[in-house]
């Protein structure tokens with residue numbers, strides 16, 4: 005398995021596919037997480053990413069790659085390389101914000117995102133909503149929200165229904181604004 009791409013280490017990946025690049029910053033830099041590393045060849049910078057959850061199925065990471073490939077550069081970094089353990093994307097310079105942008109900016113971004121074509125796979129909402137509930141600030145957890153969540157769990161998730169309205173359209177906007185504690 006001399007030329008296998010399955011379990012490449014960071015150094016093997018750099019020497020085989022990005023020989024002129026070297027690590028510039030790693031986990032200690034603000035904004036990087038999950039073992040991400042900034043690599044540079046002097047002129048250009050890229051981010052070398054690993055899956056955030058090593059126990060997750062590999063197709064989750066592949067889906068991220070395919071989703072990034074489909075999105076325009078104004079919305080997401082362009083992916084340059086994929087292997088089951090690594091992804092290289094364009095580096096997006098910026099700063100880490102501690103608050104949401106102004107309402108017009110946020111609504112414009114959400115509008116752009118919702119105008120993109122569908123990716124073709126379902127997103128299971130029930131575990132995501134449960135994670136939001138567990139991670140949010142306890143002061144923000146309201147009994148009304150818990151009752152709403154339990155009712156949706158009893159009803160079950162909506163099936164893909166084309167253009168018809170589904171029962172989850174009344175989802176409170178607070179779910180999308182909640183930040184993990």
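In my numbering, the protein residues as written are 5 to 185.
In this text, a Cβ means the ideal position worked out from N, Cα and C, and glycines have one as well.
- Residues of the same chain with a CB within less than 6 Å of the CB of residue 82, apart from the 5 flanking positions on each side, are 94 in chain order.
- Inclusion of residue 14 and residue 52 in the CB contact set at 8 Å is warranted, their separation being smaller than that value.
- Between residue 113 and the set 124, 80, 142, the nearest pair of CA atoms involves 80.
- For residue 94, the uninterrupted beta strand (DSSP E) segment begins and ends at 90-94.
- With fewer than 16 other CB atoms across the displayed protein chains lying within 10 angstroms of its CB, residue 115 is exposed.
- Collapsing the DSSP output to three states places residue 65 in a helix.
- The continuous stretches of alpha helix (DSSP H) do not include residue 86, which lies in the beta strand (DSSP E) extending over residues 83-87.
- Sequence-distant partners of residue 153 (beyond 5 residues in either direction) whose C-beta falls short of 7 Å from its own C-beta, in its chain, are 133, 137.
- In the assembly as shown, residue 41 is a buried residue. Its beta-carbon has 16 or more other beta-carbons within 10 Å.
- Per DSSP, the continuous beta strand (DSSP E) segment holding residue 53 begins and ends at 49-53.
- A Cβ-Cβ distance of about 28 Å is found for the pair residue 104 and residue 50, leaving them out of contact under the 8 Å criterion.
- With fewer than 16 other Cβ atoms from the protein chains shown falling within 10 Å of its own Cβ, residue 125 counts as exposed.
- Residue 74 and residue 123 do touch by the CB rule: their CB atoms are close to 7 Å apart, below 8 Å.
- Under DSSP, residue 27 forms a beta bridge with 43.
- Taking a C-beta distance under 8 Å as the contact criterion, residue 54 and residue 90 qualify as a contact pair.
- Residue 111 and residue 78 have their C-alpha atoms spaced approximately 15 Å apart.
- Where residue 116 is concerned, the enclosing alpha helix (DSSP H) starts and stops at 107-118.
- Residue 129 and residue 135 have their C-alpha atoms roughly 10 Å apart.
- Residue 43 is not a Cβ neighbour of residue 69, given a cutoff of 8 Å.
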